[in-house]
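Structure first, then comments.
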Amino acid sequence: MSSHVVVMSSSARSTKVKVTPGTYMSDVLAQACQSLNVSGNFILKHKQRTVDLSVPFRIAGLPSGAKLDLVVQSKSPAPVTVAVAIPSPQGDPFPNGRLGGKYPSNFTVWQILRQVESLPEALNAKLNITARGMASTSSGLPSGSGQLLYEQPTLNIMGRELATFQDFQKTLSQLGYNSGSVLIRLSYKTTGITFFEAQQQIAQYFRELETAKPEDSATPATETDAPALVQPATEGSEQPSTAAKELTPAVSEIANPTQVAPVAEPQRERSAPSDPLQPVNIYAAPTSATPQAALTKVNEADFTPSIVHAQMHQARLKESGKNKRLLSDKELEEQAAAAEAKLAAVQSIEVKVRFPDNTSASWTITKEDTGAKLYKAVRTVMANSSLPFRLSIPGTREVIRDEDSPRNQLMKTYKLTGNIVVNLLWDEGVSPATRGQPFLKTSAAQAAQRIVVPDLAATQDDEEEEKPSAWKQNSSKIISDVGKQGDEAMKKIGKFFKLPGKK
1 MSSHVVVMSS SARSTKVKVT PGTYMSDVLA QACQSLNVSG NFILKHKQRT VDLSVPFRIA
61 GLPSGAKLDL VVQSKSPAPV TVAVAIPSPQ GDPFPNGRLG GKYPSNFTVW QILRQVESLP
121 EALNAKLNIT ARGMASTSSG LPSGSGQLLY EQPTLNIMGR ELATFQDFQK TLSQLGYNSG
181 SVLIRLSYKT TGITFFEAQQ QIAQYFRELE TAKPEDSATP ATETDAPALV QPATEGSEQP
241 STAAKELTPA VSEIANPTQV APVAEPQRER SAPSDPLQPV NIYAAPTSAT PQAALTKVNE
301 ADFTPSIVHA QMHQARLKES GKNKRLLSDK ELEEQAAAAE AKLAAVQSIE VKVRFPDNTS
361 ASWTITKEDT GAKLYKAVRT VMANSSLPFR LSIPGTREVI RDEDSPRNQL MKTYKLTGNI
421 VVNLLWDEGV SPATRGQPFL KTSAAQAAQR IVVPDLAATQ DDEEEEKPSA WKQNSSKIIS
481 DVGKQGDEAM KKIGKFFKLP GKK
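All residue numbers for the sequence shown refer to the UniProt record's numbering, where the first residue is 1 and numbers rise by one.
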């Protein structure tokens, strides 16, 4: 059973497009644009309601002969959350067997596949999607003479199959996805063309697409593709050298780190120890059970709120109640680039580890130092280095991993741009009796020094003592003003506002 819809452009031109229940609305849009000889980004609207282009006609909620308006789409592409379901066994290393992220709606399907291949998780697992080869022999056995055939990715998006290079050139917007999320199910099929011929077709279809920079992209930092085409996975046959042919340009440089103000270095210069595992300073536990802040004498008048504080509080409430737009993808990328540049400008930081018995020690950490080095450094000052423990970052639930790998660098992985205090927590298996013993070994405890807190002399201005506080002055003035205005208002009320019984 077939029907039709009428698509009308802004210039009052119209065209009739025949549809079936299985015709996708994105195909209806493509046919209408071709008939009306228009190009660009358009959407369809029915009675001022945007039509979902990702669904077929039977579930689009449109009657036969419906009149659709061809409307120009916004120039700024909207982000779409894309998840690619990787088939087993390739998808076993990934959570739920899926990889993806947020991509602009003007990204093509091929660009998204290349983006997924260039993710750190995919690079570590050596994921190969777009450059797979399957050895085919004349005898049908795994070994022998034969040729390398191209294994092409096949995508299934909401029941719609994309299996050709022409389909891979379509953008998310052309497939009907301008917002929200989409799941792409990935599979492979062996084609009848050789791997070398497939490389030539890939270069023909996608070279210009990948080398050109999208001008209107809202997320420029996500436009970097895989730097080189991966070697196809084959068994029992050598791979041609053309599989390593580069199809994408080098990754564009981000913001220049020298433009960001460097982090101020500590004022005290300490001589670095010869052994990097030795602490820079070791501090003894406080002698008093009362915190030093509780022993400091303060002036209670400093904590008395004034009218200025009330006005500032009201201004904050007013500002927080205003509607604010969300940051665009470009602004978010600029913030991320600025954070990376700020992190790159920091050469070293000081990490102070607070131990369970209130003793502490500090180490100087550089960019290359990992979490395993910090754990090893802590064990050098422990009385019993065999006890299990973990290092926790205050204010978060993040625990530093005891792992010696580039993915566990302290400054880069945990975004440490300044001096920080880390808490040492015992594992649950450590007994209470062991926890009560001194943490530092004898040599480290002897080298510990006390933390000296300077005493600040309490100063008070004699003139301010004579004057009443600003809060009392302003509050009394406000009360008197309200009283005067209330009396004047009561005199102006007519008799018909008075309560019954009064004359």
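No residue lacks a Cβ here, since even glycine has one placed at the ideal position from N, Cα and C.
- Contact between the stretch 153-173 and the stretch 108-119 is present: 3 or more CB-CB pairs across the two stretches fall below 8 Å.
- Inter-residue distance for Ala-135 and Ile-184 is about 27 Å (C-alpha atoms, whole angstroms).
- Distances from the alpha-carbon of Cys-33 to those of Gln-48, His-46, Leu-391 and Val-6 put Val-6 closest.
- The beta carbon of Asp-404 sits closer than 6 Å to the beta carbons of Thr-370 and Ala-372 from its chain, once the five residues preceding and following it are set aside; these are given in chain order.
- Contact between Asp-427 and Arg-390 holds, since their C-beta atoms are separated by about 7 Å, short of 8 Å.
- The stretch 174-190 makes contact with the stretch 146-158: 3 or more CB pairs, one atom from each, lie closer than 8 Å.
- Counting of Cβ neighbours within 10 angstroms places Val-452 among the exposed residues, the total staying below 16.
- Under the three-pair Cβ rule at 8 Å, the stretch 49-61 does not count as touching the stretch 79-96.
- Distance from Ile-393 to Ile-349 at the Cβ level is roughly 13 Å; contact not present, criterion being Cβ atoms closer than 8 Å.
- Distance between Thr-396 and Asn-423, taken at the CA atoms: about 11 Å.
- In the three-state reduction of the DSSP assignment, Met-382 falls in the strand class, which pools E and B.
- For Thr-413, the enclosing alpha helix (DSSP H) has its first and last residue at 410-413.
- Taken in chain order, the complete alpha helix (DSSP H) segments of 4 residues or longer contained in the stretch 329-405 are 329-345 and 371-379.
- Checking the DSSP bridge columns, you'll see His-313 has no partner listed.
- Nearest to Gln-147 by alpha-carbon distance, out of Thr-130, Thr-194 and Gly-321, is Thr-194.
- In the DSSP annotation of this structure, Asn-281 is not part of any alpha helix (DSSP H); the continuous beta strand (DSSP E) holding it starts and ends at 281-283.
- Assignment of Glu-428 by DSSP, reduced to helix, strand and coil, places it in the coil class.
- Here the alpha carbons of Pro-87 and Phe-94 stand approximately 11 Å from one another.
- A Cβ-Cβ distance of about 12 Å is found for the pair Val-71 and Lys-47, leaving them out of contact under the 8 Å criterion.
- In the structure shown, the three-state DSSP call for Gly-97 is helix.
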